[in-house]
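**Q** Quick one: this structure, given as structure tokens, is what I'll be asking you about.
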């Protein structure tokens, strides 16, 4: 493993999302964590026709090298989130070096920004970066110049200005906790040929002082993020946001600073790679893609992406082809979505893994623990994959109708001693029927991955269902209401949740936690209350940030009853908290070696803590595969089946009383056969199904109306009516 990959591995264990600890005077080392930082670059206009002549008149003599204590007027955005003009502020030069100047809004100096803050910025930019950096002996500027490219230097003085101010971004700690931590503004890059229409004519990075300056490491992470934007502008003044922001996310990690975790995306994967709404999921998604690209294609490819003059996916495909000739952008993104699920470099040529880099587990869009599964319709977005997990039952057979759209594809992954990746062969109509031999015996987990690797449409529809029998029921126990109100930092003090509503002895399937950092955690299962000895422990779990992490225990038969507790230990615990639920008696924190109710502690201003930790327990109970009610020949379900053609397909479930050959027919009211199926030999005690897409055997769409479905075996038959709406 090369040195850069070792650095990334270390970063994977230490990355903290750019969040800010809001209350600092909280007793018992409990801190409320609720702020989430974004970058304003994607929201700023790229044109400058809105500049006001009077606002943008520059004062004479304000360019060139300055000395500490000098003042300068800067023009900044009146509101970075709105179509607004510019305002002026007076800033003081408080620190400098050969490469960087630190200017601070005078109203913020020695209020939210200190000399120590400024000195640290100078050191980080010019002299050194943390141990997680690719080269700690170099500062941010030197690293990014070496690995990304050179900044524009529009004013010709060879310096970058860091202007610290309270960015106007509608921030409110209670009602709008998301804030802009920094930005780069293209307006500053206009030359001074016509000073009345130019910006500040300097290489400037804007950093937030309130609330953004409350955590120095996050300020440095933001500075390295914005530095990439400045460099990128020197090569491409109109780069697409998804690629530009992904590169900036990577730049922070390159320099060893905290970045957003990937859990926001891995828990909601059905989001297109090249789309951008400036949500935290967007930063997580593009940052993960850039990490994958750096490991698969190398750091030179990242530099090429920064300096490539083409935009977006055209830029990406050009760089991909320079390393892997003939590899399309679509195929590369498809392989990335598989790597996000399996993260195993031993598969094929290594394209399905992150070398030495641990990821939180993907949370599937749907999870099924018993069969059959009747028709499921959904939508998949451009350059995205969604995952549908089957984890219980036997004789799994999948039917899918993917509408024969260019770029849509299905892949089945099975997990046993090895991982098998099986692309599905779709017919000309986008339909396939796949029987998974050995499911329920040789392996117990399969995932259907549906992908749309094109951008002709924003999204496309799909339909699938699953035949089979058996499995288990899953009961998810929770003390929270599913909505995180904020995070609480418990430092390194263990916490626990108690579950008192387990009515019968049950087997644990998994534990779910909602964490605010991806520091490794350990979970313990305590079968006789919070202060009983653990009966099971699982360590070194890398959780998602700001999303659910599911920790599967299906290889361990752990049977519990009430009261059962789940505890978490770690060097640092930042966990989701639900303050709206009645948590009295179910949330605990350790004190002097004993778990005591969380309500014994207080937040700031003597605020009691009566809510719940976001910890959940999933229990499973086997179901009988030989259900007596299935020992009959029947078309199951309601008396009438209704089917709207826009739904894609209808599922027709059936069972048989005796083993034998089975046929199904759909007739119109004149007795003409519209569609037929030869199902082969079927056995009693299982539920089967066929699917009709509203078309006749010749491929024509049927007319709206009433149809008759007939199920026929050698000795029996069943009939049901179907109403079809076109």
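In my numbering, the protein residues as written are 1 to 726. In this text, a Cβ means the ideal position worked out from N, Cα and C, and glycines have one as well.
For residue 209 and residue 162, which I take to be in contact (beta-carbon distance under 8 Å), what is that distance rounded to the nearest angstrom?
**A** Between residue 162 and residue 209 the Cβ distance is about 11 Å, and since that is not below 8 Å, they are no contact.
**Q** Could you tell me which residues DSSP pairs with residue 512 in its beta bridges?
**A** Bridge partners of residue 512: 550 and 616.
**Q** For residue 397, which three-state DSSP category applies?
**A** strand
**Q** Are the Cβ atoms of residue 421 and residue 347 separated by less than 8 Å?
**A** Closer than 8 Å, so yes.
**Q** When you compare the stretch 457-474 with the stretch 491-499, are there three or more beta-carbon pairs, one atom per stretch, that lie closer than 8 Å?
**A** no
**Q** Could you tell me if residue 59 is buried or exposed, where buried requires 16 or more neighbouring beta carbons within 10 angstroms of its beta carbon?
**A** Per-residue confidence for residue 59 stands at a pLDDT of 41, beneath the threshold of 50, marking its modelled position as unreliable; the derived number appears in the next sentence. Flag for residue 59 reads exposed.
**Q** Do you know whose CA, among 564, 406, 515 and 543, lies nearest residue 728's CA?
**A** What is shown of the chain runs 1 to 726, which leaves residue 728 out entirely.
**Q** In three-state DSSP terms, what is residue 485?
**A** Residue 485: coil per DSSP, three-state reduction.
**Q** Decide if residue 673 is buried, meaning its Cβ has at least 16 other Cβ atoms within 10 Å, or exposed.
**A** Burial call: exposed.
**Q** So, are the CB atoms of residue 288 and residue 329 less than 8 Å apart?
**A** no
**Q** Can you list, in chain order, the stretches of the alpha helix (DSSP H) that have 4 or more residues and sit fully within the stretch 108-148?
**A** The stretch 108-148 contains these whole alpha helix (DSSP H) runs: 115-126 and 140-147.
**Q** Please report the distance separating the alpha-carbon of residue 140 from that of residue 126.
**A** 7 Å
**Q** For residue 68, which of 591, 355 and 96 has the nearest alpha-carbon?
**A** 96
**Q** Is residue 725 buried or exposed, if buried means 16 or more other CB atoms sit within 10 Å of its CB?
**A** exposed
**Q** For residue 397 and residue 434, which I take to be in contact (beta-carbon distance under 8 Å), what is that distance rounded to the nearest angstrom?
**A** 7 Å
**Q** Candidates 452, 697, 316 and 648: which alpha carbon is nearest residue 667's?
**A** 697
**Q** In whole angstroms, what is the alpha-carbon distance linking residue 98 and residue 586?
**A** 57 Å
**Q** Comparing alpha-carbon positions, which option in 716, 722 and 718 lies nearest residue 703?
**A** 722
**Q** Taking DSSP's pairing of strands, which residues face residue 475 in a bridge?
**A** 619
**Q** Taking buried to mean at least 16 other C-beta atoms within 10 Å of its own C-beta, is residue 560 buried or exposed?
**A** Around the CB of residue 560, 16 or more other CB atoms lie within 10 Å, so the residue is classed as buried.
**Q** Use the C-beta contact count for residue 113: other C-beta atoms within 10 angstroms, 16 or more gives buried, fewer gives exposed.
**A** buried
**Q** Kindly indicate the opening and closing residues of the beta strand (DSSP E) around residue 672.
**A** Counting along the chain, residue 672 falls outside any beta strand (DSSP E), and DSSP gives it neither H nor E.
**Q** Would you verify that the beta carbon of residue 328 is, or is not, closer than 8 Å to some beta carbon of chain C?
**A** The structure shown contains no chain C; it holds only a single protein chain.
**Q** Between which two residues does the alpha helix (DSSP H) holding residue 287 run?
**A** Per DSSP, residue 287 belongs to the alpha helix (DSSP H) from 280-297.
**Q** Rounded to the nearest angstrom, how far is the Cβ of residue 267 from that of residue 221, given a contact under 8 Å?
**A** With 8 Å as the limit, residue 267 and residue 221 do not qualify as a contact, their Cβ atoms being about 22 Å apart.
**Q** Excluding the 5 residues preceding and the 5 following residue 352 in the sequence, name in chain order all residues of the same chain whose CB lies nearer than 8 Å to its CB.
**A** Excluding sequence positions up to five before and after residue 352, its CB lies within less than 8 Å of the CB of 335, 338, 339, 342, 343, 344, 345 and 421, all in the same chain and listed in chain order.
**Q** Cα separation between residue 719 and residue 623?
**A** 29 Å
**Q** Whole-angstrom Cβ separation of residue 384 and residue 498, contact assumed at under 8 Å?
**A** Actually they do not touch by this definition, with Cβ atoms about 38 Å apart.
**Q** For residue 308, which of helix, strand or coil comes out of DSSP?
**A** coil
**Q** Taking 8 Å as the threshold (C-beta atoms), are residue 80 and residue 200 in contact?
**A** Judged by their CB atoms, residue 200 and residue 80 are not nearer to each other than the 8 Å cut-off.
**Q** What would DSSP say about residue 362, mapped onto helix, strand or coil?
**A** coil
**Q** Quick check on the DSSP output: the alpha helix (DSSP H) that includes residue 222 runs from which residue to which?
**A** 216-235
**Q** Please look up how many angstroms separate the CB atoms of residue 183 and residue 40, rounded, as I've assumed it's under 8 Å.
**A** 4 Å
**Q** Here's the rule: buried if 16 or more other CB atoms are within 10 angstroms of the residue's CB, otherwise exposed. What is residue 711?
**A** buried
**Q** Straight-line CA distance for residue 502 to residue 614?
**A** 18 Å
**Q** Starting from residue 265, trace the alpha helix (DSSP H) both ways and give me its first and last residue.
**A** 263-266
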